[in-house]
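Read the structure below first, then the notes.
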Amino acid sequence: MSEYLVVIEHEGESWGAYCPDLPGVGVVGDSQDEVEQLIREAVSFHLDGLRQAGEPIPEPTAVGTTLVEVPAG
Numbered sequence: 007m008s009e010y011l012v013v014i015e016h017e018g019e020s021w022g023a024y025c026p027d028l029p030g031v032g033v034v035g036d037s038q039d040e041v042e043q044l045i046r047e048a049v050s051f052h053l054d055g056l057r058q059a060g061e062p063i064p065e066p067t068a069v070g071t072t073l074v075e076v077p078a079g
């Protein structure tokens, strides 16, 4: 099983998620829980499509995550 980095963003009333290693794979929803479920499904669907088409499966590139705090303004 592979693990792909997923970026989850929140703006106003909307949530979004995308996978940097899989260009074009992104979702939007009404809650963090919803986008987490939707992005799992989207990544799985995308990888299944690549397999069926005989295309190479991209290797995950993320080695970790961190948040960086910077001064406001």
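The numbering of the sequence shown is our numbering, which starts it at 7 and goes up by one.
All C-beta atoms in this analysis are idealised placements derived from N, C-alpha and C, irrespective of residue type, glycine included.
{"Query": "Any 3 or more C-beta pairs closer than 8 angstroms across the segment 14-21 and the segment 29-40", "Result": "yes"}
{"Query": "Collapsed DSSP secondary structure at residue 63 in the structure displayed", "Result": "coil"}
{"Query": "With 16 other Cβ atoms within 10 Å as the buried cut-off, status of residue 45", "Result": "buried"}
{"Query": "Under 8 angstroms between C-beta atoms of residue 27 and residue 71", "Result": "no"}
{"Query": "Alpha-carbon to alpha-carbon, residue 79 and residue 56", "Result": "44 angstroms"}
{"Query": "Separation of residue 75 from residue 64, as counted between CA atoms", "Result": "31 angstroms"}
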